[in-house]
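Colleague: Input: one structure, supplied below.
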Amino acid sequence: MVELRIAQDLVATDNGKRATALNADYEALGATLDRRDVDIEAVTRQVAEFFVAVPSWGVGTGGTRFARFPGTGEPRGIFDKLDDCAVINQLTQATPNVSLHIPWDKTDASELKAKGDALGLGFDAMNSNTFSDAPGQAHSYKYGSLSHTDAATRAQAVEHNLECIEIGKALGSKALTVWIGDGSNFPGQSHFTKAFERYLASMADIYKALPDDWKLFSEHKMYEPAFYSTIVQDWGTNYLIAQTLGPKAYCLVDLGHHAPNTNIEMIVARLIQFGKLGGFHFNDSKYGDDDLDAGAIDPYRLFLVFNELVDAEQRGVNDFNPAHMIDQSHNVTDPIESLINSANEIRRAYAQALLVDRKALSGYQDDNDALMASETLKRAYRADVEPILAEARRRAGGAIDPIAVYRASGYRRQVAAERPASAAGGGGII
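Numbering (numbering that gives the first Met the number 0), first residue to last: 0 to 429.
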């Protein structure tokens, strides 16, 4: 029996109030789609089977480089985080897996597994942390980790990643995500080639320790915390890493890790074409790596990314199974509400991409009809697929209106009373 953090009768009662309206909206949308030769039931089933992992760190209140303002009822550790993640999945039925970050979430693996099982949660990709120092570690990462000039520091960073693999094996995870903050802040501070060689050698040591059925995701980011040069700064370097390491190595695309106006959907297409798209960290950005809620700034770009994913899915691209994870930092919202919204926005983009008339689009592309090709995409994007999303949630036992049920449940007030208030601290994430 799965532990439910919110009474299921509250979900059922709220759904009952909204059922008539949803039935009417779903029927009307079905009739509209039928005129386009689209089966609404087929789309709903596909949406119901699309899942995205939530980040354990995402249920805490984030911060900026300047300050962090704690929220009420913040999780005290990984077990509280899992409780919060279970609420998101209960209401959305879209987030059955959690992505952990070590050492932030380090504890006895058997206890973690038991807690996850009790809440009906599994564990997605493990995330290592060599971009900050952990208490008691022998060597600092101030000047780098996997690319550090000091061999002992590099060995320590490699060993940490191997530990993450061992923890993940005990939890049933099948992937390790490696993001490092290594780089330089001054011209001449670092030898670009030697630093990258050291990084590749360190990653090769990690790669050798991967179980046969695991994947290794390397993640690129153009800047921060290194503001002059970054070791893994763009998708081209990321691709070189995956190619160099071997068939179990893939590129992870964080939607916020790009310069403004970068054509992210084309990067996705390239990585699909050459078999190195590992997955995503979904979020949104306005200026840089803002880690805003998915779809908060540019929902059309999110749709265009999913247009490439659905295209690959329907073309039957070999071994196409990218990981889908959220990576956000919440400063002014309830993190649970933001993650609920993001999970639904990601599903929305997927549903809209499923509505694209692929045959018509291909014809317009072959005829160089730029206007109609663009309009074919926009027609799918403009469709209000909310009835599909809500129906998929309802059929799986989730809430038609997850935010309304969450607020009515009083869950935040409850955990605020149970969990000691956090003191305001310095900048940085959680």
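Even for Gly, the Cβ is constructed at its ideal location relative to N, Cα and C.
Values in this document were obtained by computation on a predicted structure and should not be read as measured data.
Tell me the rounded alpha-carbon separation between SER328 and LEU376.
Modeller: Looking up residue 328 in the sequence shown gives position 329. Looking up residue 376 in the sequence shown gives position 377. Roughly 30 Å between the two C-alpha positions.
Colleague: Would you mind reading off the limits of the beta strand (DSSP E) that contains LYS214?
Modeller: Taking the sequence shown and counting its residues from 1, one reaches residue 214 at position 215. From DSSP, the beta strand (DSSP E) with LYS214 extends over 214-218.
Colleague: Considering only C-alpha positions, which residue in the set GLY255, THR229, GLN136, ALA311 is nearest to ARG269?
Modeller: Along the sequence shown, read from residue 1 onward, the residue named residue 269 stands at position 270. The shortest Cα separation from ARG269 among GLY255, THR229, GLN136, ALA311 belongs to ALA311.
Colleague: PHE302 lies in the beta strand (DSSP E); which residues open and close that run?
Modeller: Looking up residue 302 in the sequence shown gives position 303. Segment 298-314 is the alpha helix (DSSP H) holding PHE302; no beta strand (DSSP E) there.
Colleague: Indicate whether VAL46 and ARG378 have their beta-carbon atoms separated by less than 7 Å.
Modeller: One-based indexing of the sequence shown puts residue 46 at position 47. One-based indexing of the sequence shown puts residue 378 at position 379. Not closer than 7 Å, so no.
Colleague: Secondary structure at ASP253, three-state DSSP: helix, strand or coil?
Modeller: Position 254 of the sequence shown holds residue 253. DSSP places ASP253 in strand when its eight states are reduced to three.
Colleague: Please list the terminal residues of the continuous beta strand (DSSP E) segment that includes GLY115.
Modeller: Here the question's residue 115 lines up with position 116 in the sequence shown. Premise fails: GLY115 lies in the alpha helix (DSSP H), 108-118, not in any beta strand (DSSP E).
Colleague: Determine the direct distance from the alpha carbon of ALA369 to that of ALA41, and round the result to whole angstroms.
Modeller: Translated into the one-based positions of the sequence shown, residue 41 becomes position 42. Translated into the one-based positions of the sequence shown, residue 369 becomes position 370. Cα to Cα, ALA41 sits roughly 29 Å from ALA369.
Colleague: Tell me ALA322's beta-bridge partners as DSSP assigns them.
Modeller: If you number the sequence shown from 1, residue 322 lands on position 323. In DSSP, ALA322 forms a bridge with GLY278.
Colleague: With distances taken between CB atoms, is the gap from THR176 to PHE216 smaller than 7 Å?
Modeller: Translated into the one-based positions of the sequence shown, residue 176 becomes position 177. Translated into the one-based positions of the sequence shown, residue 216 becomes position 217. In contact: THR176 and PHE216 (Cβ atoms closer than 7 Å).
Colleague: From TYR349 to ARG300, what distance separates their C-alpha atoms?
Modeller: By 1-based counting over the sequence shown, the position of residue 349 is 350. By 1-based counting over the sequence shown, the position of residue 300 is 301. So the alpha carbons of these two residues sit roughly 12 Å apart.
Colleague: According to DSSP, ASN126 sits in a beta bridge with which residue or residues?
Modeller: One-based indexing of the sequence shown puts residue 126 at position 127. In the DSSP output, where bridge partners are listed per residue, ASN126 has HIS100, THR176.
Colleague: Rounded to whole angstroms, what's the CA-CA distance from GLY409 to GLY180? Just pull it up for me.
Modeller: Translated into the one-based positions of the sequence shown, residue 409 becomes position 410. Translated into the one-based positions of the sequence shown, residue 180 becomes position 181. GLY409 and GLY180: Cα-Cα distance of roughly 39 Å.
Colleague: Would you mind listing the alpha helix (DSSP H) stretches within the region 356-397 that are 4+ residues and don't spill past its ends, in chain order?
Modeller: Listed in chain order, they are 357-365, 369-381, 385-394.
Colleague: Could you tell me the alpha carbon to alpha carbon distance between MET221 and ALA258, rounded to whole angstroms?
Modeller: For the purposes of this step, residue 221 is identified with residue 222 of the sequence shown, where counting begins at 1. For the purposes of this step, residue 258 is identified with residue 259 of the sequence shown, where counting begins at 1. When rounded, the distance between both Cα atoms is 7 Å.
Colleague: Within a Cβ cutoff of 6 Å, which residues of the same chain sit near GLN364, ignoring the five residues on either side of it in sequence?
Modeller: As a position in the sequence shown, residue 364 is number 365, starting the count at 1. Within the same chain, GLN364 has close Cβ partners ALA372.
Colleague: Rounded to whole angstroms, how far is the Cβ of LEU432 from the Cβ of ILE39, which I believe are closer than 8 Å?
Modeller: Nothing can be reported for residue 432: it is not among the residues displayed for the chain, which extend from 0 to 429.
Colleague: So, with DSSP's three-state summary, where would you put ARG67?
Modeller: If you number the sequence shown from 1, residue 67 lands on position 68. If DSSP states are grouped into helix, strand and coil, ARG67 belongs with the strands.
Colleague: Taking 7 Å as the threshold (beta carbon to beta carbon), is GLU223 in contact with chain C?
Modeller: No chain C appears in this structure, which consists of one protein chain only.
Colleague: So for THR229, helix, strand or coil by DSSP?
Modeller: Translated into the one-based positions of the sequence shown, residue 229 becomes position 230. Three-state result, THR229: strand.
Colleague: Secondary structure at ASP290, three-state DSSP: helix, strand or coil?
Modeller: Residue numbering aside, residue 290 sits at position 291 when the sequence shown is read from its first letter. ASP290: coil per DSSP, three-state reduction.
Colleague: Measure the C-alpha to C-alpha separation of ILE429 and GLY70 and round it to an integer number of angstroms.
Modeller: Sequence index remark: in the sequence shown, residue 429 carries index 430 (1-based). Sequence index remark: in the sequence shown, residue 70 carries index 71 (1-based). Unreliable placement is indicated for ILE429, whose pLDDT of 46 sits below 50; no coordinate value is reported for it.
Colleague: Please report how far the alpha carbon of ILE164 lies from the alpha carbon of PRO134, in whole angstroms.
Modeller: Numbered from its first residue, the sequence shown carries residue 164 at position 165. Numbered from its first residue, the sequence shown carries residue 134 at position 135. About 20 Å.
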